[in-house]
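A short worksheet on the structure shown next.
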Amino acid sequence: VTKLPAVEFAINSAYSDITEYAPFFLNSERMPCSMIWDDLSNKEYLEVKKFALGLKNTIMSAHDSILVY
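3 is the number of the first residue of the sequence shown in our numbering; add one for each residue after it.
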């Protein structure tokens, strides 16, 4: 249940083969910024970066699962 928002984000970010658009784009005519916070070398806000990186990994995993099925 705690990862449900990340799964929802992954689903809404996935492009459809039929429409060739992602639900995010169809709802708002734009795509959200990707979470690319991979650099943990800067110690400022380290816990926030760790949390965001974990969320990013969950989203990527959910997205990959969508593509497989």
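From the three backbone atoms N, C-alpha and C, an ideal C-beta is built for every residue, glycine too.
- Nearest neighbour of residue 30 by Cα position, chosen from 52, 57, 15, 44, turns out to be 15.
- Residue 18 has its alpha-carbon roughly 23 angstroms from the corresponding atom of residue 57.
- Annotation for residue 33: 15, 24, 26, 27 place their beta carbon closer than 8 angstroms to its own, counting only its chain and skipping 5 residues before and after.
- Separation of the CB atoms of residue 12 and residue 54 is rounded to 15 angstroms, and the pair is thereby denied contact status at 8 angstroms.
- For the options 68, 67, 48, 61, the alpha carbon positioned closest to that of residue 5 is the one of 61.
- Residue 10: member of the alpha helix (DSSP H) spanning 6–15, first to last residue.
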